[in-house]
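Number of protein chains: 2
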Amino acid sequence: MTTVDSAEHETPAAEVDRCLDAAATAAPEWGQWAPRPRAEALSAVADALDAATADLVAAAVTETGLPEARLTGEVKRTTVQLRMFADLLRDGSCLRIVIDRSDPGYALGARPDLRRWLVPLGPALVFAASNFPFAFSVAGGDTASALAAGCPVLLKAHPGHPATSRLTADLVRSALLGAGAPEGTFDLITGRDAGVRALRDPRVAAAAFTGSVAGGRALFDIAASRPSPIPFFGELGSINPAIVTPEAARERGEQIAEGFVGSFTLGAGQFCTKPGVLLLPRGTGLPERVAELADGVPPARMLTTGIARRYHERLGELANVAGVKVLTSGREHADPSGIPAVSPALFHAGPVQNLHEHRDVLLDENFGPSAVIAEYEVDDALPGLLAAVAGSLTVTVQTSNRPDGEERARLAALVEVAARCSGRVVFNEWPTGVAVTPAQHHGGPYPATTAVSHTSVGTAAIERFLRPVTYQNAPDALLPLALRDANPLGLPRIVNEPGDSGRWR
Amino acid sequence: MTTVDSAEHETPAAEVDRCLDAAATAAPEWGQWAPRPRAEALSAVADALDAATADLVAAAVTETGLPEARLTGEVKRTTVQLRMFADLLRDGSCLRIVIDRSDPGYALGARPDLRRWLVPLGPALVFAASNFPFAFSVAGGDTASALAAGCPVLLKAHPGHPATSRLTADLVRSALLGAGAPEGTFDLITGRDAGVRALRDPRVAAAAFTGSVAGGRALFDIAASRPSPIPFFGELGSINPAIVTPEAARERGEQIAEGFVGSFTLGAGQFCTKPGVLLLPRGTGLPERVAELADGVPPARMLTTGIARRYHERLGELANVAGVKVLTSGREHADPSGIPAVSPALFHAGPVQNLHEHRDVLLDENFGPSAVIAEYEVDDALPGLLAAVAGSLTVTVQTSNRPDGEERARLAALVEVAARCSGRVVFNEWPTGVAVTPAQHHGGPYPATTAVSHTSVGTAAIERFLRPVTYQNAPDALLPLALRDANPLGLPRIVNEPGDSGRWR
Chain B
761 MTTVDSAEHE TPAAEVDRCL DAAATAAPEW GQWAPRPRAE ALSAVADALD
811 AATADLVAAA VTETGLPEAR LTGEVKRTTV QLRMFADLLR DGSCLRIVID
861 RSDPGYALGA RPDLRRWLVP LGPALVFAAS NFPFAFSVAG GDTASALAAG
911 CPVLLKAHPG HPATSRLTAD LVRSALLGAG APEGTFDLIT GRDAGVRALR
961 DPRVAAAAFT GSVAGGRALF DIAASRPSPI PFFGELGSIN PAIVTPEAAR
1011 ERGEQIAEGF VGSFTLGAGQ FCTKPGVLLL PRGTGLPERV AELADGVPPA
1061 RMLTTGIARR YHERLGELAN VAGVKVLTSG REHADPSGIP AVSPALFHAG
1111 PVQNLHEHRD VLLDENFGPS AVIAEYEVDD ALPGLLAAVA GSLTVTVQTS
1161 NRPDGEERAR LAALVEVAAR CSGRVVFNEW PTGVAVTPAQ HHGGPYPATT
1211 AVSHTSVGTA AIERFLRPVT YQNAPDALLP LALRDANPLG LPRIVNEPGD
1261 SGRWR
Chain H
761 MTTVDSAEHE TPAAEVDRCL DAAATAAPEW GQWAPRPRAE ALSAVADALD
811 AATADLVAAA VTETGLPEAR LTGEVKRTTV QLRMFADLLR DGSCLRIVID
861 RSDPGYALGA RPDLRRWLVP LGPALVFAAS NFPFAFSVAG GDTASALAAG
911 CPVLLKAHPG HPATSRLTAD LVRSALLGAG APEGTFDLIT GRDAGVRALR
961 DPRVAAAAFT GSVAGGRALF DIAASRPSPI PFFGELGSIN PAIVTPEAAR
1011 ERGEQIAEGF VGSFTLGAGQ FCTKPGVLLL PRGTGLPERV AELADGVPPA
1061 RMLTTGIARR YHERLGELAN VAGVKVLTSG REHADPSGIP AVSPALFHAG
1111 PVQNLHEHRD VLLDENFGPS AVIAEYEVDD ALPGLLAAVA GSLTVTVQTS
1161 NRPDGEERAR LAALVEVAAR CSGRVVFNEW PTGVAVTPAQ HHGGPYPATT
1211 AVSHTSVGTA AIERFLRPVT YQNAPDALLP LALRDANPLG LPRIVNEPGD
1261 SGRWR
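Protein chains in written order, with the working numbering: chain B, 761 to 1265; chain H, 761 to 1265.
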């Protein structure tokens, strides 16, 4: 979703090496902390950030130009997120402990005593995002979930907000050390070369990334081509199609137009869940209304010069596609920061068939406040069209208030395909604004992510940094405390007694 | 773990294409079967295989030369495995349904209604293994778990047992079709080129493989370099170190020598969990006793000519390492099948430091009945040595009957490192013989597997073929049955009511 600016300060190779060494040394110790003290350490980080909210927000306002209220809310989201992972650890079921007691009468012959739980992968390299200077940056969801899993984190800062990153990192580091975590549990590096160096290093066991398809794919390829490949949890690009039924357009067209404009221009369109394309039934007049509303949205500063430049180039590409009409051209305005501010841009691609024909340009994410509208006929095969769209984080469906009869019958196939090509299907709301809850899924087929089975938002994000280990026939005193007979840590465990066919979770 | 012979019949490209088309067409339908009918279909496959056990075993005896009793047991393991996945589906908790009801008072602002569950990835390509002609072949664990997840399976047969594969495939296909599964839910292809063609095809959504490091890495690289990369669950090579404490050697040296020889020569050493290296305290005399016992093991036919050839080459490499002494050379015998039979081979690498120095050869898996012994001094840093070994499926530790005092203190660090570099730590038993149970983990860091967070044995293997999808604010009638308010399928679900901080599983 972002492009990296060139002026990034590079952490020297020797310092990257020192950080990696410290992380590798910290990994066994931090990884063996019991869930509850680890939860306390995460809470201490949250407390430290909460206490410094004013300073953090001030730094981020200067660097990103985002509104103070939005940034204050984002610090809160970041600390709530850290506390949710702390609660997850206190609950302990995320360790998924399963004990099969030995069973001489097991179906396939005597079964030994087997005890399985999840352990941390080891040092995690996290590439921070541009667009959430707190919630997906230094102390964001990737860091929180990796630390909760027991992985030390080496954080590669985003060049869009270096001072905010450094300030946050200092708070995270001292809170962790203050809670007794070993040196090396958290460090910050900067610079593209430093990030690549760390990604290639055998001491790094996993990586997480939020950014552009081009940048993310290059890093994924590095992770996959290492002598020992590692998991790479990349969140790259997503077009997030939104589809409006004829019934919805008739019933609440104005509300939909307002909602769409609000969503695709939120944060200057620099959200990974921005709805980039809107499919409307033909002849509603809504495209013009959407354009009118978009014209009324004040210009907003882009996050970085690089993002603004790439956004501008993409506007030109979109406008040059055959059959595309520019509804609103998206003016650029000077900003005291030197980084351009932009007004929303809106394109009309004509019939959905044209969208499909030129999908390489029209259905490729444009990071910024632009969107493409296309119109369909009621007998167009929308599910087929949707299936041809590349993987997305979300698909949004706008229905009438009580979808039934013909509308519901048509929607059934569409919703099924929406679930096949995305990770979240949103009804009658908009995809921006991702709730941090247990049932959340923020992921999807490539290029939305490089790891389709995982989420980067919500408590399930911890799964990315864990792996199973089973102990067979172990003397009790040699087991980790969590797996001993007496269960001294009081963790939730599934225990399959002899004769049980076996429960799994 | 295997090498592919060259005489493999190639499924023509047009037929591979037809199979992929059928799988892609079947995927939405098979993927939407409710868990219980899907369980019935798996049980029907198990029934069909059970009923044909005699024919299946006869075919496999001819093709593999494995003993009839072993193969009969393996058919049973295969069908028990299918029925375990059927039971898992009947239980339904593997779908991990979590419902967060909308909550206007949620910590970060109003939370919408979110419902998360797991859905199948889509068509899975399964490369069968050489060494388990049933349990890890056509209807083996990969196939059973992918089908249970709701993924159609395209099975690339192993050339070591083509007739057995075809016979099994016909039974699987007709049992599935008989249970009402769509055409394309299961098909078989043969040949290396056919497998690679399928792996590159955009209709394939995931792949599983059991085989050699060289072959598996080549396929992993193809999967990772696709325009849309897919998950590749490869189980490649594993050295499976076994370590004997001085106390254990004193207390039950003879039993350990017998157990080790039994384990590394089982199935002519062609198990992925074969203990390939044994670390003994110096001066026990056990190396000679192990060699004596190994000499008494009758020759056994290798699985394929290719495997036998590679095994023979590797014996030469091992014998040529500086400081290595051949304790038993591993004679080759003619077999009526034309594929060589071999006696066990045993090497003494001297002190563990020599093992470490030449680890590229000595600690590289040799698929067949060979093993390497090394001796350590009590003050050698065994944990450090173990940490330098590449990722393994297992580490085995032989202790005294009641490890305490000094032995236990020394073991604590060793066991911790064992869990870091493997997926299963075995005590006072041997790693061959992998129980199929909920707490089992058959996986490990690269090169043991290419996906460290997953297992290929045990019910958790289903997780490889599932991904989450969340529905936000969906009208009840547009939700999958499993997620509707009335829970018409009666599935286990976690429901977080307003005010709940949120449970996750």
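Beta carbons: idealized from backbone N, C-alpha and C, even for Gly.
Computed from a predicted structure; not experimentally measured.
From the DSSP output, in three-state form, read off residue i for me.
i         : result
B:Glu1117 : helix
H:Thr1044 : coil
B:Lys916  : strand
B:Ile1254 : strand
H:Gly1056 : coil
B:Asp947  : strand
B:Phe1285 : Absent from the structure is residue 1285 of chain B, since the part of chain B shown begins at 761 and ends at 1265.
H:Glu768  : coil
Over the uninterrupted alpha helix (DSSP H) stretch that includes residue i, give me the two end residues.
i         : result
H:Trp790  : 773–792
B:Phe1020 : 1006–1025
B:Glu800  : 795–811
B:Gln841  : 828–851
H:Val956  : 952–960
B:Leu931  : 922–938
B:Asp902  : 901–909
B:Ile1067 : 1065–1079
B:Arg1170 : 1165–1180
B:Leu1146 : 1142–1148
Run the proximity test for residue i: is its beta-carbon closer than 7 Å to any non-hydrogen atom belonging to the ligand ZN?
i        : result
B:Ser897 : Inclusion of the ligand ZN in the displayed structure is not the case, the ligand content being empty and no account of it being possible.
Determine, for residue i, whether the minimum Cβ-Cβ distance to residues of chain B falls below 8 Å.
i         : result
H:Glu1125 : no
H:Val879  : yes
H:Asp860  : yes
H:Arg798  : no
H:Met761  : The pLDDT assigned to H:Met761 is 38, lower than 50, so where the model puts this residue is not dependable, and the model offers no usable value.
H:Leu1146 : no
Alpha carbon to alpha carbon, how far is residue j from residue i? Give it in angstroms, no decimals.
i         : j         : result
H:Pro1228 : B:Ser1213 : 6 Å
B:Val1004 : H:Thr1230 : 20 Å
B:Ser934  : H:Ala954  : 56 Å
H:Asn1256 : H:Val858  : 8 Å
H:Pro1065 : H:Ile1099 : Note on identity: in this sequence residue 1065 of chain H is Thr, with Pro being the wrong assignment. H:Thr1065 and H:Ile1099: Cα-Cα distance of roughly 5 Å.
B:Leu1174 : B:Ala1054 : 28 Å
B:Arg986  : B:Thr950  : 22 Å
B:Pro1129 : B:Ala1060 : 9 Å
H:Asp1236 : H:Ile1222 : 28 Å
H:Ala1008 : B:Phe993  : 44 Å
B:Ala829  : B:Gly1029 : 17 Å
H:Val1186 : B:Leu1238 : 11 Å
Would a check of beta-carbon distances place residue i closer than 8 Å to chain H?
i         : result
B:Ser998  : no
B:Leu874  : yes
B:Ala1002 : no
B:Thr1210 : yes
B:Trp1264 : For B:Trp1264, the predicted structure reports a pLDDT of 46, less than 50, and the residue's modelled location is therefore unreliable. The matter cannot be settled from this model.
B:Asp1245 : no
Relative to the C-alpha of residue i, which residue among the options is closest?
i         : options                                 : result
B:Tyr1071 : B:Phe1127, B:Thr1033, B:Arg1042         : B:Phe1127
H:Arg1242 : H:Ala808, H:Arg875, H:Trp790, H:Ala814  : Before going on, a small fix: residue 1242 of chain H reads as Ala here, not Arg. The option with the nearest alpha carbon to H:Ala1242 is H:Arg875.
H:Val1050 : H:Val1086, H:Leu914, H:Thr1033          : H:Val1086
B:Glu1269 : B:Asp1095, B:Ala1002, B:Ala1134         : Coverage of chain B is limited to positions 761 through 1265, which leaves residue 1269 of chain B absent and any answer about it impossible.
H:Val1021 : H:Glu1052, H:Gln841, H:Gly825, H:Phe946 : H:Glu1052
Over the uninterrupted beta strand (DSSP E) stretch that includes residue i, give me the two end residues.
i         : result
B:Gln1158 : 1152–1158
H:Val886  : 884–887
H:Arg875  : 874–880
B:Leu1087 : 1085–1089
H:Glu1137 : It is not in any beta strand (DSSP E) - H:Glu1137 carries neither H nor E in the DSSP assignment.
B:Phe992  : 992–995
B:Thr1230 : 1226–1232
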